[in-house]
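Step one of this worksheet: look at the structure below.
Numbering (my numbering), first residue to last: 221 to 913.
And the structure:
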């Protein structure tokens, strides 16, 4: 009957505490007690394993995105409005389940009718009393969607900087038309100096003024943002192996541009705010967006990260909860899926993309961002994993079905990771100026391909003649077989037959020739040779006199070890905790070394069978389990101090005379994705005999 009390608690909370959960004004959806109750039953029954829309952390089921292309801004139509509302219900369900787990009573009869015996209860309570401040799970301080998401990101990437798009740190994304740079300024040659579009050549000479813009050389591939927008800002912050990208995008509902003050370079108003965090060593990536219900943002001041700057940053956490999108409605990973922090495309004006003479092109030298976003070598085998349980729960289906593709023709994937998501279906098609092709599409593939073709035609209709192969620029298509984006020699374009083969692969319609492999990596277990190589060391068990206030305790068992969670080179990484499974037996008369089967098994050291007695101590199979042990001194809801040295771990347990205590110590990673936790597989077992002669 495990979980009965918790299910009842969820039902009560769904009925009485919904109004106490942070949610944008006027957007609180209706939810019945049965919804989160059923979610928890799915979670503990492992029904989520069979349902790709089910969030494994809570059992809540995400809605299905309406048919169509991936967008930066969802259309304001009835199907998408219903989808967004269903996302609110999904995230509220997650909050209720997480809140109920956080606030559940620790008494055993709420969880298991049989309950533990007195000795087990006393053991658990003593452990909690002695070690309680250091027994806690990361990112467990809040059930709020945004705050918890921010805490998860901080636990993996370390401190998150403020999002700063001010002109002191950010770069402006220019607009290029007919090989000239364009900006909106007062026209000094006209009465009253009306705002118009100024066109300057690479030498800075004014070529002309216009009062409208119909097309540009490098329209945005986002599809739902302004095709030929200008003066958006991109900021990049790096610390060690981690980098953060902050994009403040100017856009309009019509997706067209006009000569108004909004588009001026020094106007801080913008429409879309997006953030990407990335660890280039581990391939871990996180995405979050500003609220989609906000009419406008202002980059005059930096933006606080989700979760604030720390667990104790109350003002920052409250501000973030009202600033970021709690629905995660935009599938950022569908576009930023090339195992990198960013997808380099002509619209971002990189010096190495879409210029006739490459890095030596005078237009590139004058107008591009240069190497502001440096090239990174990423291959099909490079690890790549999305962080954030709210995000991965929302988009689990596409994340688990996404594939990296090998080009059977050998034209395009020597330098790039192409996927069955948008780097393959939109970026690759635009790069070679070909429409998507599927030889024998299913109905679903046909509908998606038709929508994508329409989107590519809209993008292409906003491209200047100058930029085409027939024009003076000759920069589109902007990728060529074998020579990449070196367009100076006018190399041949990809053949129609080769493109058909590749396009089939990119749309998931190919066979073994496509070399499909899962795009996203599994959560790396601690101490895994192929992933996290951090190691447990100096593991010991000592027996000490009982403390003066230790009523009923004969001795103190102290387990100590050292460990540094340095995965990805992040000195404040905080996604590892330890579990200790404990068995006790009489000391054998021969006092020999225990057999391997005497120790608790690996399954008893996992959370799967955990039944709480007091706090983080309870039963697991035939053993007691103490879980979520942080390093000594790292108290509940405090930030880890930076360290490059092994941290000390220590836990005290009560011991009885003439008993043998057998331990299994297991590190576990909080994955903050749909794998939930990953456990170390090394055998860290030891024992201690408590003799009281």
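Beta carbons are placed, not taken as given, at the ideal position from N, Cα and C, and that holds for glycine.
Please go through the same chain and pick out, in chain order, the residues whose beta-carbon is closer than 6 Å to the beta-carbon of residue i, but skip the five residues on each side of it.
i, result
"residue 277", "609 and 896"
"residue 334", "Bear in mind that the predicted position of residue 334 carries a pLDDT of just 48, short of 50, making it unreliable; the figure below should be weighed with that in mind. Once the five neighbours on either side are set aside, residue 334 has no close Cβ partner at all."
"residue 752", "744, 746 and 787"
"residue 714", "631, 652 and 701"
"residue 590", "571"
"residue 780", "760 and 870"
Buried or exposed: which applies to residue i, given that a residue is buried once 16 or more other Cβ atoms fall within 10 Å of its Cβ?
i, result
"residue 521", "exposed"
"residue 899", "buried"
"residue 256", "buried"
"residue 600", "buried"
"residue 411", "exposed"
"residue 695", "buried"
"residue 580", "exposed"
"residue 338", "exposed"
"residue 372", "buried"
"residue 302", "exposed"
"residue 526", "buried"
"residue 419", "buried"
"residue 560", "buried"
"residue 294", "buried"
"residue 625", "buried"
"residue 434", "exposed"
"residue 615", "buried"
"residue 575", "buried"
"residue 328", "At residue 328, the pLDDT of 35 sits below 50, so the modelled position is not reliable; the number obtained from the coordinates is stated separately. Classification for residue 328: buried."
For my contact list, residue i and residue j are in at a C-beta cut-off of 8 Å; report their separation, rounded to the angstrom.
i, j, result
"residue 568", "residue 393", "6 Å"
"residue 511", "residue 467", "The pair is not a contact, with the Cβ atoms about 15 Å apart (cut-off 8 Å)."
"residue 540", "residue 378", "Going by Cβ atoms, the distance from residue 540 to residue 378 rounds to 17 Å, so no, they are not a contact pair."
"residue 309", "residue 793", "In fact, because the Cβ distance is near 33 Å, the residues do not count as touching under 8 Å."
"residue 385", "residue 456", "Between residue 456 and residue 385 the Cβ distance is about 11 Å, and since that is not below 8 Å, they are no contact."
"residue 472", "residue 859", "That belief does not hold up - the Cβ atoms of residue 472 and residue 859 are roughly 40 Å apart, past 8 Å."
"residue 535", "residue 488", "Actually they are not in contact, since the Cβ atoms of residue 535 and residue 488 sit about 22 Å apart, beyond 8 Å."
"residue 884", "residue 801", "5 Å"
"residue 430", "residue 417", "5 Å"
"residue 841", "residue 824", "4 Å"
DSSP three-state call for residue i: helix, strand or coil?
i, result
"residue 657", "coil"
"residue 255", "helix"
"residue 429", "strand"
"residue 737", "strand"
"residue 602", "coil"
"residue 905", "strand"
"residue 725", "helix"
"residue 442", "coil"
"residue 352", "helix"
"residue 848", "strand"
"residue 871", "strand"
"residue 690", "coil"
"residue 685", "coil"
"residue 671", "helix"
"residue 857", "coil"
"residue 876", "coil"
"residue 887", "strand"
"residue 247", "Bear in mind that a pLDDT of 45 at residue 247, under 50, signals an unreliable position, so the model cannot answer this."
"residue 455", "strand"
"residue 476", "coil"
"residue 647", "helix"
"residue 616", "helix"
"residue 866", "coil"
"residue 314", "helix"
Taking 7 Å as the line, does the beta carbon of residue i fall inside it for any heavy atom of the ligand ADP?
i, result
"residue 450", "Inclusion of the ligand ADP in the displayed structure is not the case, the ligand content being empty and no account of it being possible."
Which residues in the same chain as residue i place their Cβ atom closer than 7 Å to its Cβ, once the five residues preceding and following it in sequence are excluded?
i, result
"residue 619", "553, 606, 612 and 740"
"residue 863", "784 and 791"
"residue 914", "Past the edges of the chain, shown from 221 to 913, lies residue 914, and the structure says nothing about it."
Apart from the five residues just before and just after residue i, which ones in its own chain have a Cβ nearer than 8 Å to its Cβ?
i, result
"residue 562", "465, 496, 556, 568 and 593"
"residue 675", "289, 443 and 646"
"residue 767", "773 and 776"
"residue 351", "846, 849, 871 and 872"
"residue 501", "461, 788 and 789"
"residue 658", "665, 666, 669, 723, 724, 727 and 729"
Could you check whether the Cβ of residue i sits closer than 8 Å to any Cβ belonging to chain C?
i, result
"residue 426", "No chain C appears in the structure shown, which is made up of a single protein chain."
- prompt: Can you list, in chain order, the stretches of the beta strand (DSSP E) that have 3 or more residues and sit fully within the region 789-842?
  reply: 796-806, 831-834 and 837-840
- request: Could you pull out every unbroken beta strand (DSSP E) segment of at least 3 residues lying fully inside the region 362-429, listed in chain order?
  value: 391-393, 395-397, 400-406 and 415-420
- request: Tell me the start and end of each unbroken beta strand (DSSP E) in the region 494-576 that is at least 3 residues and wholly inside, in chain order.
  value: 504-509
- request: Please list the segments of the beta strand (DSSP E) lying wholly inside the region 736-789, counting only runs of 3 or more residues, in order along the chain.
  value: 757-765 and 775-783
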